[in-house]
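Here's the structure, in structure tokens; my notes come after.
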Amino acid sequence: MKYVLKNQEMQTVDYETIHGIGIPGLVLMERASKAVADYAVQMIDHSKRILVISGIGNNGGDALACTRILLEQDYLVDYMIVGNLEKASDDLKLQLQILKNLGYFPLENANFHEYDLLIEGIFGVGLSREVGGIYKEMIERINACGKPVIAIDIPSGISGDSGKVLGCAVHAAITVTFGSYKRGHLLYPGREYCGNIKLVSIGFHNQTIKKYATGYTLEADDHLMPERKAYSNKGSYGKVLIIAGNETMSGAACFAAEAALRMGAGLVKVLSDVQNRSVLQTKLPEILFGERKDLKESLNWCDCILFGPGIGVSEETKEMLEMILEEGTKPLVIDADGLNTISRYDMEINYPYGLILTPHLMEASRLMSCDIMQMKEDLCQNAYELAKKYHCIAVLKDAATIVAQEGDLVYINQSGNDGMATGGSGDVLAGMITGLLGGGLAAHEAAVHGVYLHGLAGDRARRDLGAYSMIASDIITHIKDVTGGSYESVL
């Protein structure tokens, strides 16, 4: 896993590294600039021309140091500086003086179309205001020229805290960032503006980053599945109870149940409308089938519970959920119509045995009595507020899904793609999380790992079928590719 920082946290890490640990700031700058130069070298040869565009802060200092490093390697590099040099940082002034001492002076203006690669270091992650004036003009020129761009730390114009576009922002092909991801790299729309994100180590020690981090994300080589033992039986891997599917929504129950089975659940029992018996047992002969009237008995049988996919919203579903909350003693995932039942009847929730809620933004806005735009304003904080209100682990589903729990680091998911925006995908996720609960993972771990593996299976499906053609069952088909201990990225 990799830790994720907000702007202020990154500044604290930077300060402690320089003034507490004692690594000089210029050493960090030199390493950062060398990393950016290395990626530039991978993109072009010596016959191509590079334009470096610098601001007047330390991000600009990185840009100017990168200019020098590329010039040392005989690349064709020009540079220009945006902003009032009288207000420039000391490090920027030092890097500029070094270039001038070597006989390299900034351009007053340039025709961007004459260059093959642009490297921009105008603002960095600390930007908090709307971009305007000459900075806006420069960013618009960068985007209009159509040349590939390497952004230093984060594309200029993107908020490092939220991923918002602050008026306008650079569209980068590659973003080279240092020490840790920032929230703005992983949250949309910033994630899209970043292009291919390259995280490099320049001297910030992991113990320092961990000390100040408030979030994290998983990486392709993290071990995520529950352990399986040679000496075991079906009871060793969980008895999963799924209450899903009304008379018109058998598919939701099928998706959730098969996903739980494919995640390694030992036994899966589905309680559904009686009309779904033939469909479910034909498609999934491995499951046990029961009717809704069997709920009380099934609560004693199971090791974990999923309630809600395609079940509808009615007095009956309210009564079923009340029974689960009153008599259930096993970890519980509430999804889809289970969530809509809570909001429709304004139910108070206090379930101490491990509760996971999995709303998309519309469902979350109903649960929090606000509109979707308010939910989007700060996904991480709103996920925390949802977790606090319902004493749960909140899985706030969006293009970058957030998992939050009181007193824990927020998880920001990186896996997945737009091809997963298809009917049934959420049912698959709910089933995957519940399958991991059955396998013995704790609730928070099951939620985080389920979200990441769901996205990773979707990435495999997109690779094989394309974003337009993939459907929810294709995500299930590719679960096998991401649960065997090898999580090689396909993006």
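With the UniProt record's numbering applied, the sequence shown covers 1 to 491.
Yeah, the Cβ is synthetic: ideal placement off N, Cα and C, and Gly gets one too.
How far does the alpha helix (DSSP H) with residue i in it extend, from its first residue to its last?
i       : result
Phe-255 : 250-262
Arg-49  : Here Arg-49 belongs to no alpha helix (DSSP H); instead the beta strand (DSSP E) covers 49-54.
Asn-413 : No alpha helix (DSSP H) contains Asn-413, which DSSP labels as neither H nor E.
Ile-471 : Counting along the chain, Ile-471 falls outside any alpha helix (DSSP H), and DSSP gives it neither H nor E.
Ile-356 : Premise fails: Ile-356 lies in the beta strand (DSSP E), 355-357, not in any alpha helix (DSSP H).
Thr-12  : 7-15
Mind checking residue i: buried by the 16 CB within 10 Å criterion, or exposed?
i       : result
Gly-262 : The displayed chain sequence assigns Arg, not Gly, to residue 262. So Arg-262 ends up on the buried side.
Leu-295 : buried
Thr-175 : buried
Glu-114 : exposed
Asn-143 : buried
Glu-9   : buried
Leu-102 : exposed
Phe-414 : Before going further, note that residue 414 is Gln rather than Phe in the sequence given. Classification of Gln-414: buried, given that the 10 Å Cβ count is 16 or more.
Pro-226 : buried
His-46  : exposed
Val-270 : buried
Ile-475 : buried
Gln-405 : buried
Ser-33  : buried
Val-131 : buried
Gly-184 : buried
Asn-233 : exposed
Lys-100 : exposed
I'd like the span of the beta strand (DSSP E) that includes residue i, first residue to last.
i       : result
Leu-271 : 267-271
Tyr-115 : Neither: Tyr-115 is in no beta strand (DSSP E) and is coded neither H nor E.
Tyr-216 : 215-217
Asn-246 : Careful: Asn-246 lies outside any beta strand (DSSP E) and carries neither H nor E.
Lys-198 : 196-200
Leu-396 : 393-396
Val-36  : That residue, Val-36, is in no beta strand (DSSP E); its alpha helix (DSSP H) goes 25-43.
Near residue i, what residues of its chain come up, given a Cβ to Cβ distance below 6 angstroms and the 5 sequence neighbours on each side ignored?
i           : result
His-454     : Leu-429, Met-432
Met-375     : Leu-361, Ala-364, Ser-365, Asn-382
Ile-471     : Thr-422
Val-52      : Ala-63, Thr-67, Tyr-79, Ile-119
Asp-116     : Ile-44, Lys-48, Arg-49
Val-268     : Val-240, Ala-257, Ala-260, Leu-261, Ile-287
residue 500 : Residue 500 lies beyond the stretch modelled for the chain, which goes from 1 to 491, so this question has no answer here.
Gly-419     : Arg-462, Ala-467, Met-470
Asp-481     : Arg-460
Tell me which residues share the same chain as residue i and place their Cβ nearer than 8 angstroms to its Cβ, disregarding the 5 neighbours each side in the sequence.
i       : result
Leu-96  : Leu-64, Ile-81, Leu-85, Ala-88, Pro-106
Gln-207 : none
Gln-11  : Gly-126
Lys-389 : Leu-367, Met-368
Should residue i be flagged as near chain D, meaning a C-beta pair shorter than 8 angstroms?
i       : result
Cys-380 : The chain labelled as chain D is not found in the depicted structure, where only one protein chain is given.
Using a threshold of 7 angstroms, is the CB atom of residue i nearer than that to any non-hydrogen atom of the ligand PLP?
i      : result
Ile-56 : Ligands displayed in this structure: none; no statement on the ligand PLP is therefore possible.
Just to confirm my understanding: we take residue i, look at its own chain, exclude 5 residues before and 5 after, and list those with CB closer than 7 angstroms. What are they?
i       : result
Asp-153 : Asn-59, Gly-124, Val-125, Thr-177, Phe-178
Tyr-216 : Met-1, Lys-2, Tyr-3, Val-4, Leu-409, Tyr-411
Ser-489 : The predicted position of Ser-489 is uncertain, since its pLDDT is 39 and thus under 50; a value taken from the coordinates is nonetheless stated next. Closer than 7 angstroms at the Cβ level, and outside the excluded window around Ser-489, lie Ala-220.
Leu-70  : Ala-37, Ala-40, Ile-50, Val-77
Ile-98  : Arg-68
Lys-136 : Gly-167, Cys-168
Nearest CA to the CA of residue i: which residue from the options?
i           : options                            : result
Ile-356     : Pro-331, Ser-343, Arg-141          : Pro-331
residue 516 : Ser-156, Asn-206, Gly-20, Lys-147  : The chain is shown only over 1 to 491; residue 516 falls outside these bounds and no answer can be derived.
Val-313     : Arg-344, Val-170, Phe-289          : Arg-344
Ala-169     : Asn-196, His-46, Arg-141           : Arg-141
Phe-255     : Ile-479, Gly-466, Cys-145          : Ile-479
Asn-246     : Lys-239, Leu-218, Arg-292, Glu-227 : Arg-292
Gly-55      : Gly-416, Gly-338, Ala-151, Asn-7   : Ala-151
Gly-440     : Val-165, Tyr-212, Cys-302, Gly-57  : Cys-302
Tyr-181     : Tyr-390, Asn-340, Tyr-75, Ala-213  : Ala-213
Val-403     : His-444, Lys-136, Asn-417, Lys-388 : His-444
Ser-236     : His-223, Lys-211, Gly-264          : Gly-264
Arg-31      : Val-333, Gly-61, Leu-436, Asn-196  : Gly-61
Asn-417     : Gly-407, Val-451, Lys-6, Cys-392   : Val-451
Asp-74      : Leu-92, Lys-93, Tyr-104            : Tyr-104
Ile-209     : His-449, Ser-425, Thr-17           : Thr-17
Phe-307     : Lys-283, Arg-129, Ala-252          : Ala-252
Give me the Cβ distance between residue i and residue j, rounded to the nearest whole Å; I'm assuming they're in contact under 8 angstroms.
i       : j       : result
Asp-335 : Pro-309 : 5 angstroms
Val-13  : Gly-203 : The Cβ separation is near 11 angstroms, so there is no contact.
Leu-299 : Gly-266 : So it is not a contact: roughly 18 angstroms between Cβ atoms.
Gly-338 : Ile-372 : Not really, about 20 angstroms apart at Cβ, beyond 8 angstroms.
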